[in-house]
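**Q** full-length UniProt numbering applies: residue 1 is where the sequence shown begins, and numbers increase by one. Every residue gets a Cβ at the ideal spot worked out from N, C-alpha and C, and that includes glycine. Quantities reported herein were computed from a predicted structural model and do not represent experimental measurements.
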Amino acid sequence: MHEFANRTPVLRTDDENKDPVDRGADSPSTSKDGTPKSRRLLGASNDSTPKSSATNSVTPKRANSKSTPKTASKNAKSSSSPTNTPKSRKSLTASGKKGSASKRKPVKQENGVKPKLKRARLEEDSGEEDWMESDPLESEEEDVSSGDDYEPKKDESDLEESYNDDVESEGEVTTPSEDDGSGLDSPVKKTPRRAQRTPAKAPATPKTPSSSLAQSVSRNPSEWLHLSYEFLKEPKDLSGKKIGDADYDPSTLHVPNSFKNSLTPGVRQWWELKSRHFDTVLFFKVGKFYELYHMDAVIGVENLGLTYMKGDWAHSGFPEVALQRNMEALIQKGYKCARVEQTETPSMMEQRCKTSGKSSKFDKVVRREICNVSSKGLQLCGADAVPGSSYCLALFSKERRFGVCLVDSTVGRFHIGEFEDDHQLSSLRTLISRFAPVEAILERSISADVKRIVEAIGAIIDQPAKNKFLSAEKALTLIREGDYFKGNEYPQALKGLIAENDPLMSTPRAGCELAVAALASIVGRLQEALILEDVLTMVEFETIEFKFEGGKGDYLPKIMIMDSVALTNLEIFENSVGTSEGSLISTINFCSTAFGLRHLKKWLLGPSCVSEEIESRWDAVGELMENFSLLKTLQERLKKLPDMDKMLARIHSLSLKKTDHPDSRAILYSDDVYSKRKIEDFCNVLDGFREAQAICKLVRDKDLKSSLLRDLTHLTTEGGHFPDVKEALNYFDKAFDKTKALKDGKIVPAPGVDEEFDEAQRRVAEVKDSLDEHLQQQMKHFGTSKISYTGTGRTAYQIEVPESVAGKATEDHTLEGHKKGFKRYYTRRGKSLCDEMIKAEEMRDAVSKDLMRRIFHAFDEKRPLWKKVIECLSNLDCLMSLALYGNNAGGSVCRPKINHESQKAIIRIVNGCHPCLLKKLGEDKLIANDFTLGTVEEGRCDGSSVALLTGPNMGGKSTLMRQVGLLVVMAQLGAWVPAEEMEFSLVDRIFTRLGASDHITLGESTFLVEMLETSAVFKHATKHSLVLLDELGRGTSTNDGASLAYAVLAELSKSNRRTLFSTHYHDLAKDIQGVYLGHMACVVENDEDVVFLYKFVPGNCEKSFGFNVARLAGLPQRIVTMGLQRAKELEEQSDLLQRFVKFMSL
């Protein structure tokens, strides 16, 4: 059976079990006499009988907003016995447990009319207890139309608390049944309750319902009825293809028409959406709640801690305001989620049916549309967005040529390129390591090797059917016709992919076809997710440079090349078990902002090779380290800033005028909550930029000497790089009243900010003045000041005249009505002014609805200014992080020195420490080491560029090699390093072969991995490179391994490339010139008892003392002794052989 179908539950088709999606939208919410109808929910049988009880009573149904007092009174009298209701929340708390004898107070009646029941909890001082007469899911029409009986809480937590109060009551509630328009007449319907509360936060792992009721309604997934449907047992896609067929599309599902025709309108609507998005969890809007049904409900229960509604079909849900958190939780678990909104009200539905002339059964359901589809790699920045980058990769290939497009939709940033790769796919591996995409779109024809490389980083793989890919021509045409760059020139990175001789800008440039195909794939997915405009209009395109060669001759590239092997072996971002603990980033990361950390990672992916840039960073870091109090103050203030980079993208999205987007039609009940959240985010960003100004002023006032710090914090008007945003911030500070906007959830611009709004306000004021003047004229005419305006809406501004003077009315006065002591008139002038006022107010209201977006748009137009501020702050945060590391390194640090004079590339480190171990262990417990290559140092190096490192197992060889590599990375990053002294020539690339590892998932053995990593050295290493090779040849036989190690070492010594080569083949360097011998010192007692000194000293180590390691590992002594004896025998045999060979050569 299909994997997605197996995960979850299904619907009944018989009329006795209507689906919970159908909330009565196919019929009016009230019967002909105006009384409210009971709701039809999942498993609510149309012919059910009343649930037996001691009192044989029923619970009153909530009065519909359209019901009259007379009707409500009639309903109240129809109950012949006292109301039997569940306990209130207050009594539950008092008793300490559910099921106590305490009873809920009966509903207080006024003049025989029962009060409306609200979803929001009643205030404690109101004298009434909070309770819920029915399930928290209203009928579809009630939810949409009866907003007068729903009062949203002030914040999200209150709204969720009221929802949780609702779902806490146990048992079923029986309600009087009315004619529901279905043609079925049943005296009583059973309305199921939710089993238990929705957790305040989504748990990291699925929760098991603990209450007895929750257990009673839980289901074994194998019992859900959808598993019995034939079309889910052997699913087909919409084109009729089965699993295993060529071009089968798992994102769609064929649902038979006979099945859909047997459903109610709401159920059919859900299945039609599901059939087109079978691989997507649908958050289906029903009134004020998002509901999950069937297979989606099971996912929600298992991953979000939601609980099933009672009934035979899987069904769960949560309040509107909890959407962002719950959707984000599923997305981070790898699910694709769609937000389905109601885009019309029942009254709009009725009008549509009348206008179109269609009134079939399936037309009578409110329209719903998918407004957004989000996945881990394709989503907009939300309130709960993760702080890191979330790239989606599209990859196309032809043999070993690749076209790639990566997008981080949370900030609207594209990276595009095309390249030819080697047999080892080195460039592709490095690309994947650098960007670490969380989602990847691949062709189904992609090679298994490429797929394994992408899978190895844990990315979600999507291999759509061919018809799901957008062609290059269509994508480029879509970009052109969409005018996403607002008449401006195409970004250079995009323009460079398009043929120059094509005026329509729809033909890929020769040699860029694969890159454009990858871009087209991303564009298609963004369009499907309904966020294409949001992302493209950020206009951030960069070309990926696939230059992995180092410098030639004396030339150095601008940045050091950090390939995937170096990033892994040096543990730059992750350790060997896949966590950040003990990695370089975790050691030096003291960033205060999320955007600063992202920038630091960018630095680590390409440390600088420009000496002036490195020197300026060292200056800045040193000066910040000296000004400790300033550093701490800056850190505290930066920590208060939001993720301004992603917030800019969010505001940009909110600033777009999307008239054709489904979101523009969505009916939202918590719109005031969302509006307040948007305004709060906007105000936080404004405050953030004002704080950024203040932070830079703090640095300026210190008059620091560092040219880099001065550039980052001094205003552009003063010769620096920091833009002067004071005027722009003052504009938005005066544009509207922040306090009032946050309180009311809407922005009212100050005069002069929005011309269209000012004009609308002016017109309203003009008509108001004319109405006031007209009223004064009428007072003068009737000779009394007791005349006033009355009426509302289109009958507003009638003049109300005392009967005592009404006789003065003329033919110009039309009588409109009267009340005791007064008569109401319209004059021709008054009626005309009333109509003018209605038009003026409608125009003002129409403008007001768009005010927030227009304010955001005005802010977004200055995005280059804000981006420059963020860039300066990011660099400052990185420098502060390196300075804070220097003050908290666990030991002393020094400023390195770049050697420009030596003809040979050198490295000289005095008392250097492994930065990650130093921070963890401290200076007292870590042994510092000297290391030199390429220069003569008495007792340290003879000037050789290659050092052969030997020593006992566990003696610290690999640690020393990583230490050398990490100190070089840190130095070129701009950090001060944990050493007494460090001098070096700049490094263009670090080649590493560290540790014994295979790539099982890639089909690569230990020895193959060794050879691949070593072959890269001879292909790409230059005289500026640093080579670190650890125990080369261990993955094969001793003879083969030793021979290969010898050949590699000999070649490296000839090329004078800086190399640190560790081995257990102790005689390796006897016949090779230009190799410096060193080893990790130890003290040997009783032949195999070794004390490690962890000190690098000159000379060769004759033995590896492997038996000592075996003993330390707990290997039985008899085995260690046996092995030791056998080693001695082999040693003696080898010695005899060597003597014989020497004798025969005489």
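#1: How many Å lie between H661 and S251 at the Cα?
#2: Taking only three categories from DSSP, how would you classify Y1046?
#3: Check P235 in the structure and name its three-state DSSP category.
#4: Provide the residue span of the beta strand (DSSP E) that contains C392, from first to last.
#5: What residue from K288, Y290, P864 and G934 has the CA that sits closest to V722's CA?
#6: Can you tell me where the beta strand (DSSP E) holding P802 begins and where it ends?
#7: Would M309 be called buried (16 or more neighbouring beta carbons within 10 Å of its own) or exposed?
#8: Indicate the three-state DSSP secondary structure (helix, strand or coil) for V964 in the structure shown.
#9: If I follow the unbroken beta strand (DSSP E) through L406, where does it start and stop?
#10: Three-state secondary structure (DSSP) at A1081?
#11: Does Y420 pass the burial test, meaning 16 or more other C-beta atoms within 10 Å, or should it be called exposed?
#12: So, do the segment 685-696 and the segment 606-613 have three or more beta carbon pairs nearer to each other than 8 Å?
#13: Evaluate Y669 with the Cβ neighbour count: other Cβ atoms within 10 Å of its Cβ, from every protein chain shown; 16 or more gives buried, anything less gives exposed.
#14: Look at the Cβ atom of A1045, then the Cβ atom of L1012, and state whether they are nearer than 7 Å.
#15: For E341, which beta-bridge partners are listed by DSSP?
#16: Beta-carbon within less than 7 Å of S427's beta-carbon, same chain only, minus the 5 sequence neighbours each way: which residues are those?
#17: In the DSSP assignment, find the unbroken alpha helix (DSSP H) run with A566 in it and report its ends.
#18: According to DSSP, simplified to helix, strand and coil, what is G171?
#19: Measuring alpha carbon to alpha carbon, tell me which of S275, W271, S564 and A314 ends up nearest L292.
#20: Using beta-carbon positions only, say whether T587 and P915 come within less than 7 Å of one another.
#21: In whole angstroms, give me the CA-to-CA distance for D643 and Q635.
#22: Determine the extent of the alpha helix (DSSP H) in which V1027 is found, giving its start and end residues.
#23: In the DSSP assignment, find the unbroken alpha helix (DSSP H) run with N887 in it and report its ends.
#24: Please state whether DSSP places T950 in a helix, a strand or coil.
#25: Label S629 either buried or exposed according to how many other C-beta atoms from any shown protein chain fall within 10 Å of its C-beta, with 16 as the threshold for buried.
#26: Mark M852 as exposed unless 16 or more other C-beta atoms lie within 10 angstroms of its C-beta, in which case mark it buried.
#27: Tell me the DSSP secondary structure of I907 in three-state form.
#28: In its own chain, which residues sit with a C-beta less than 8 Å from the C-beta of G783, not counting the 5 before and 5 after it?
#29: Does the beta-carbon of R1118 have 16 or more other beta-carbons within 10 angstroms, so that it is buried, or is it exposed?
#30: For a test of the three-state rule: what should DSSP assign to E129, helix, strand or coil?
#31: Using the rule of at least 16 other Cβ atoms within 10 Å of the residue's Cβ for burial, across every protein chain shown, is D143 buried or exposed?
#32: With H, G and I counted as helix, E and B as strand and the rest as coil, what does DSSP make of L253?
#33: Just verifying my parser: in three-state terms, what is the DSSP assignment at G43?
#34: Looking at L1052 and I1072, is the spacing between their C-beta atoms short of 7 Å?
#35: Three-state secondary structure (DSSP) at R895?
#36: Mind checking P82: buried by the 16 CB within 10 Å criterion, or exposed?
**A** Checking against the coordinates, here is how it stands:
#1: In the sequence shown, residue 661 corresponds to position 661, counting from 1. In the sequence shown, residue 251 corresponds to position 251, counting from 1. C-alpha separation (whole angstroms): 22 Å.
#2: Mapped onto the sequence shown, residue 1046 falls at position 1046. The answer is helix: DSSP assigns Y1046 an H, G or I state.
#3: By one-based count along the sequence shown, residue 235 stands at place 235. Coil, per DSSP.
#4: Position 392 of the sequence shown, counted from the first residue, corresponds to residue 392. Unbroken beta strand (DSSP E) run through C392: C392 to K398.
#5: By 1-based counting over the sequence shown, the position of residue 722 is 722. A quick correction: the sequence has Phe, not Val, at residue 722. The candidate whose alpha carbon is nearest that of F722 is P864.
#6: Translated into the one-based positions of the sequence shown, residue 802 becomes position 802. Per DSSP, P802 belongs to the beta strand (DSSP E) from Q798 to P802.
#7: Working through the sequence shown from its first residue, we reach residue 309 at position 309. It is buried - the Cβ of M309 has at least 16 other Cβ atoms within 10 Å.
#8: For the purposes of this step, residue 964 is taken as residue 964 along the sequence shown, with counting starting at 1. Note: V964 maps to helix in three-state DSSP.
#9: In the sequence shown, the residue the question calls residue 406 occupies position 406. Run containing L406: R401 to D408, per the beta strand (DSSP E) assignment.
#10: For the purposes of this step, residue 1081 is taken as residue 1081 along the sequence shown, with counting starting at 1. A1081: strand per DSSP, three-state reduction.
#11: The sequence position of residue 420 within the sequence shown is 420, counting from 1. It should be pointed out that residue 420 corresponds to Glu in this sequence rather than to Tyr. The residue in question, E420, is exposed, as its Cβ has fewer than 16 Cβ neighbours within 10 Å.
#12: no
#13: As a working note, residue 669 is residue 669 in the sequence shown. Label assigned to Y669: buried.
#14: Locating residue 1045 in the sequence shown gives position 1045, counting from the first residue. Locating residue 1012 in the sequence shown gives position 1012, counting from the first residue. In this structure, L1012 does not lie closer than 7 Å to A1045 by Cβ.
#15: The sequence position of residue 341 within the sequence shown is 341, counting from 1. Answer is E369, bridged to E341.
#16: As a first step, residue 427 must be located in the sequence shown, where it is residue number 427. Correct list, in chain order: F419, D421, F546 and F548.
#17: By 1-based counting over the sequence shown, the position of residue 566 is 566. Run containing A566: S564 to N569, per the alpha helix (DSSP H) assignment.
#18: Working through the sequence shown from its first residue, we reach residue 171 at position 171. Bear in mind that the predicted position of G171 carries a pLDDT of just 32, short of 50, making it too unreliable to give a figure here.
#19: Here the question's residue 292 lines up with position 292 in the sequence shown. The residue with the shortest Cα to Cα distance from L292 is A314.
#20: Counting from one through the sequence shown, the residue named residue 587 turns up at place 587. Counting from one through the sequence shown, the residue named residue 915 turns up at place 915. Yes, Cβ-Cβ distance for T587 and P915 is below 7 Å.
#21: Taking the first residue of the sequence shown as 1, we reach residue 643 at position 643. Taking the first residue of the sequence shown as 1, we reach residue 635 at position 635. Those two C-alpha atoms are separated by around 15 Å.
#22: Here residue 1027 refers to the residue found at position 1027 when the sequence shown is read from its first residue. Unbroken run through V1027 is the beta strand (DSSP E), L1026 to D1030; no alpha helix (DSSP H).
#23: Position 887 of the sequence shown holds residue 887. It spans R863 to N887 - the alpha helix (DSSP H) in which N887 sits, taken as one unbroken run.
#24: On the sequence shown, position 950 is the one that residue 950 refers to. Strand at T950.
#25: Numbered from 1 along the sequence shown, position 629 holds the residue referred to as residue 629. Exposed, since its Cβ has fewer than 16 Cβ neighbours within 10 Å.
#26: Counted from its first residue, the sequence shown places residue 852 at position 852. Counting Cβ neighbours within 10 Å, M852 comes out buried, since at least 16 surround it.
#27: Against the sequence shown, residue 907 aligns to sequence position 907. I907: strand per DSSP, three-state reduction.
#28: Locating residue 783 in the sequence shown gives position 783, where the first residue counts as 1. Once the five neighbours on either side are set aside, the close Cβ partners of G783 are V805 and K808.
#29: On the sequence shown, position 1118 is the one that residue 1118 refers to. Burial call: exposed.
#30: The count along the sequence shown starts at 1 and reaches residue 129 at position 129. Caution is warranted here: a pLDDT of 29 is assigned to E129, below 50, making its placement in the model unreliable, and the coordinate value is therefore given only provisionally. Looking at E129 - three-state DSSP - the assignment turns out to be coil, as it is neither helix nor strand.
#31: The residue you call residue 143 lines up with position 143 of the sequence shown. Residue confidence is low: D143 scores 37 on pLDDT, short of 50, so the model does not pin down where it sits. Its coordinate-derived value is still stated next. Classification for D143: buried.
#32: For the purposes of this step, residue 253 is taken as residue 253 along the sequence shown, with counting starting at 1. Of the three classes helix, strand and coil, the one that applies to L253 here is coil, per DSSP.
#33: What you label residue 43 is simply residue 43 of the sequence shown in a count that begins at 1. With a pLDDT of only 31 at G43, under 50, the local geometry of the prediction cannot be trusted, and the value read off the model is given with reservation. Coil, per DSSP.
#34: Stepping through the sequence shown from its first residue, residue 1072 is reached at position 1072. Stepping through the sequence shown from its first residue, residue 1052 is reached at position 1052. Going by C-beta atoms, I1072 is not nearer than 7 Å to L1052.
#35: Here residue 895 corresponds to residue number 895 of the sequence shown, with the count starting at 1. The answer is coil: DSSP assigns R895 none of H, G, I, E or B.
#36: By 1-based counting over the sequence shown, the position of residue 82 is 82. Confidence is the limiting factor: at P82 the pLDDT is only 36, short of 50, which leaves the residue's position unreliable, though a coordinate-based value still follows. By the neighbour-count rule (16 or more Cβ atoms within 10 Å), P82 is not buried but exposed.
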